[in-house]
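**Student:**
Number of protein chains: 2
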Amino acid sequence: MLKAGVVLSEAEKENISVADFGLSDLEHQGGQILTFFNTDRISAKIIVLFPWQILPEHWHPAIGNDIGKEEVMRVRWGEIYLYVPGEPTPNPKATIPLKERENFTVWHEVILKPGDQYILPPGLVHWFQAGKDGAVIDDYSSTATDLQDGFTNPRVVRETKIIGE
Amino acid sequence: MLKAGVVLSEAEKENISVADFGLSDLEHQGGQILTFFNTDRISAKIIVLFPWQILPEHWHPAIGNDIGKEEVMRVRWGEIYLYVPGEPTPNPKATIPLKERENFTVWHEVILKPGDQYILPPGLVHWFQAGKDGAVIDDYSSTATDLQDGFTNPRVVRETKIIGE
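Taken in sequence, the protein lines are chains A and B.
The working numbering applies: residue 1 is where the first sequence begins, and numbers increase by one.
The working numbering applies: residue 1001 is where the second sequence begins, and numbers increase by one.
1) Tell me, to the nearest whole angstrom, how far the beta carbon of B:D1000 is from that of B:H1058; I am working on the premise that it is less than 8 Å.
2) Closer than 6 Å by C-beta to B:E1165: which residues in its own chain qualify, once you throw out the five before and the five after it? Chain order, please.
3) Comparing alpha-carbon positions, which option in A:P85, A:W77 and A:L112 lies nearest A:V48?
4) Smallest Cα separation from A:M73: which of A:K93, A:I119 and A:T95?
5) State yes or no: is the beta carbon of B:Q1029 nearer than 8 Å to at least one beta carbon in chain A?
6) Taking Cβ positions only, does A:L120 come closer than 8 Å to chain B?
7) For chain B, find out if any of its Cβ atoms is closer than 8 Å to the Cβ of A:E102; answer yes or no.
8) Mind checking the segment 112 to 140 of chain A against chain B and listing, in chain order, the residues whose C-beta falls within less than 7 Å of any C-beta there?
9) When the Cα atoms are used, what is the spatial distance from A:F21 to A:P154?
10) Are the Cβ atoms of B:K1069 and B:S1017 separated by less than 8 Å?
11) By a C-beta neighbour count over all protein chains shown, 10 Å radius and 16 as the cutoff for buried, is B:E1102 buried or exposed?
12) For A:E14, which residues in chain B fall below 9 Å Cβ to Cβ?
13) Given this structure, state the Cα-to-Cα distance separating A:I63 from A:P122, to the nearest angstrom.
14) Could you have a look at A:K186 and say whether DSSP puts it in helix, strand or coil?
15) Can A:K132 and A:P51 be called in contact, C-beta distance under 8 Å?
16) With distances taken between CB atoms, is the gap from B:V1084 to B:T1105 smaller than 8 Å?
17) Tell me the rounded alpha-carbon separation between B:V1156 and B:G1030.
18) Considering only their Cβ atoms, is the gap separating A:Y81 from A:I33 smaller than 8 Å?
19) Any beta-carbon of chain B closer than 8 Å to the one on A:F36?
20) Does any residue of chain A have a CB that is nearer than 8 Å to the CB of B:E1070?
21) Going by the beta-carbon positions, is the gap between B:T1143 and B:N1015 smaller than 8 Å?
22) Between which two residues does the alpha helix (DSSP H) containing A:K251 stretch?
23) Among residues of its own chain, excluding the 5 on either side of A:E135, which ones have a beta-carbon nearer than 7 Å to its beta-carbon?
24) What is the DSSP secondary structure of B:P1090, reduced to helix, strand or coil?
25) For A:A19 and A:A94, what's the separation of their Cα atoms in angstroms?
26) From which residue to which residue does the beta strand (DSSP E) around A:N38 run?
27) Indicate, with yes or no, if the ligand ZN has a heavy atom lying under 7 Å from the CB of B:I1067.
28) Can you round the beta-carbon distance between A:G86 and B:S1009 to whole angstroms, since I take them to be within the 8 Å contact cut?
Below you can see the structure in the form of structure tokens.
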């Protein structure tokens, strides 16, 4: 985060959460997340991915009166390979563990470099992977209800641990 | 922006807008604004202020079914003196042109340094000034409808010019 120029308050430094999605394979799948705020209308967080770390395939479903979370990913540092529905990209840059193949169903690739952003409409299935240097992402959205997200991988359990500095 | 680690796409560099609020006094009042996105639910922009530049007193009114813009200011670089309704702060850090005194009615001071953020609910009257080094602010909000904002100063005309690099 320091390299990306992200400045955190002392309280925030104590509240970075590590999401391993219950897969106990943080080296390949997971994310380090710091939520700046989450009101009943808007939310912003920073997502940090290790080199080649994957944020597993998921979507933000409708909940009650909410049509689902709208999300904008903007890369601050590093490179992101984002996958969404559409024509599968031949020779995608992502690499996934072979045994996880069935848990990744969308393969239309969008490459995001620093300063690039992508708007993800509610309900859109997506997943992404950092490139060789890892990545820092500004993640803007309507209200986040992460525990309600849908995941393709049936083994995913959405639960987070809080780490200190 | 470079000092604050803000990375822009080439297209964005061509789309920084300068808001002088029709006051033709950019040195004292105005702002340099780059909108990252503005959907029908969420918006994000970067606001850059010169040293001691003031963003004039204003509020985000209800419009149709919208109760008004909710805004979160987060300082990325420099120092901001934010003023909101409440007990007036004795000896505030802000300095305003004496002839503009009547156009600034709220004087409860909140000092924001890098990593600090403040949630502005819809309709709240507010204004802010950068400190001696200027400031770069991440500004998150629900849908922005800047042209509908209310301003205390009756001379304000909300209109922007676009500059290149």
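In this text, a Cβ means the ideal position worked out from N, Cα and C, and glycines have one as well.
**Tutor:** Once the coordinates are examined:
1) Only positions 1001 to 1165 of chain B appear in the structure, and residue 1000 of chain B is not among them; the question remains open.
2) Walking along the second sequence from the start, residue 1165 of chain B turns up at place 165. Confidence is the limiting factor: at B:E1165 the pLDDT is only 46, short of 50, which leaves the residue's position unreliable, though a coordinate-based value still follows. Answer for B:E1165: K1013, listed in chain order.
3) The residue labelled residue 48 of chain A in the question sits at position 48 within the first sequence. Comparing Cα-Cα distances from A:V48 to each of A:P85, A:W77 and A:L112, the minimum goes to A:W77.
4) Position 73 of the first sequence holds residue 73 of chain A. Of the listed residues, the one whose Cα sits closest to A:M73 is A:I119.
5) In the second sequence, counting from the first residue as 1, residue 1029 of chain B sits at position 29. No, because no Cβ of chain A sits closer than 8 Å to the Cβ of B:Q1029.
6) Walking along the first sequence from the start, residue 120 of chain A turns up at place 120. By this cut-off, A:L120 is not an interface position.
7) As a working note, residue 102 of chain A is residue 102 in the first sequence. False, the Cβ-Cβ gap to chain B never drops below 8 Å.
8) So the list reads P114, G115, D116, Q117, I119 and Y140, given in the order they occur along the chain.
9) In the first sequence, residue 21 of chain A corresponds to position 21, counting from 1. In the first sequence, residue 154 of chain A corresponds to position 154, counting from 1. Their backbone Cα atoms lie some 11 Å apart in a straight line.
10) For the purposes of this step, residue 1069 of chain B is taken as the residue at position 69 of the second sequence. For the purposes of this step, residue 1017 of chain B is taken as the residue at position 17 of the second sequence. The answer is no: Cβ separation not under 8 Å.
11) For this step, residue 1102 of chain B is matched to residue 102 along the second sequence. B:E1102 comes out exposed.
12) Position 14 of the first sequence, counted from the first residue, corresponds to residue 14 of chain A. Here the premise fails: no neighbours, minimum Cβ distance about 13 Å.
13) Taking the first sequence and counting its residues from 1, one reaches residue 63 of chain A at position 63. Taking the first sequence and counting its residues from 1, one reaches residue 122 of chain A at position 122. The straight-line gap from Cα to Cα measures roughly 11 Å.
14) What is shown of chain A runs 1 to 165, which leaves residue 186 of chain A out entirely.
15) Taking the first residue of the first sequence as position 1, residue 132 of chain A is located at position 132. Taking the first residue of the first sequence as position 1, residue 51 of chain A is located at position 51. Cβ distance < 8 Å, so A:K132 and A:P51 count as in contact.
16) Taking the second sequence and counting its residues from 1, the one referred to as residue 1084 of chain B is at position 84. Taking the second sequence and counting its residues from 1, the one referred to as residue 1105 of chain B is at position 105. Going by C-beta atoms, B:V1084 is not nearer than 8 Å to B:T1105.
17) The sequence position of residue 1156 of chain B within the second sequence is 156, counting from 1. The sequence position of residue 1030 of chain B within the second sequence is 30, counting from 1. Looking at the two C-alpha atoms, the distance is approximately 11 Å.
18) Counted from its first residue, the first sequence places residue 33 of chain A at position 33. Counted from its first residue, the first sequence places residue 81 of chain A at position 81. No, these two residues do not count as a Cβ contact at 8 Å.
19) The sequence position of residue 36 of chain A within the first sequence is 36, counting from 1. True, the Cβ-Cβ gap to chain B drops below 8 Å.
20) Reading the second sequence from its first residue, position 70 is the one you call residue 1070 of chain B. At least one chain A Cβ lies under 8 Å of B:E1070.
21) Numbered from 1 along the second sequence, position 143 holds the residue referred to as residue 1143 of chain B. Numbered from 1 along the second sequence, position 15 holds the residue referred to as residue 1015 of chain B. No; because the gap between Cβ atoms is not below 8 Å, this pair is not in contact.
22) Because chain A is modelled from 1 through 165, residue 251 of chain A falls outside the range shown and cannot be assessed.
23) Numbered from 1 along the first sequence, position 135 holds the residue referred to as residue 135 of chain A. Reading off the sequence, residue 135 of chain A comes out as Ala, not Glu. Closer than 7 Å at the Cβ level, and outside the excluded window around A:A135, lie L49, V75, W77, G78, E79 and I80.
24) For the purposes of this step, residue 1090 of chain B is identified with residue 90 of the second sequence, where counting begins at 1. DSSP places B:P1090 in coil when its eight states are reduced to three.
25) Numbered from its first residue, the first sequence carries residue 19 of chain A at position 19. Numbered from its first residue, the first sequence carries residue 94 of chain A at position 94. Each residue's Cα considered, the two are about 20 Å apart.
26) For the purposes of this step, residue 38 of chain A is taken as residue 38 along the first sequence, with counting starting at 1. Per DSSP, A:N38 belongs to the beta strand (DSSP E) from G31 to N38.
27) As presented, the structure is devoid of all ligands, the ligand ZN included, so that no description of it is given.
28) By one-based count along the first sequence, residue 86 of chain A stands at place 86. By one-based count along the second sequence, residue 1009 of chain B stands at place 9. Wrong, their Cβ atoms sit about 22 Å apart, outside the cutoff.
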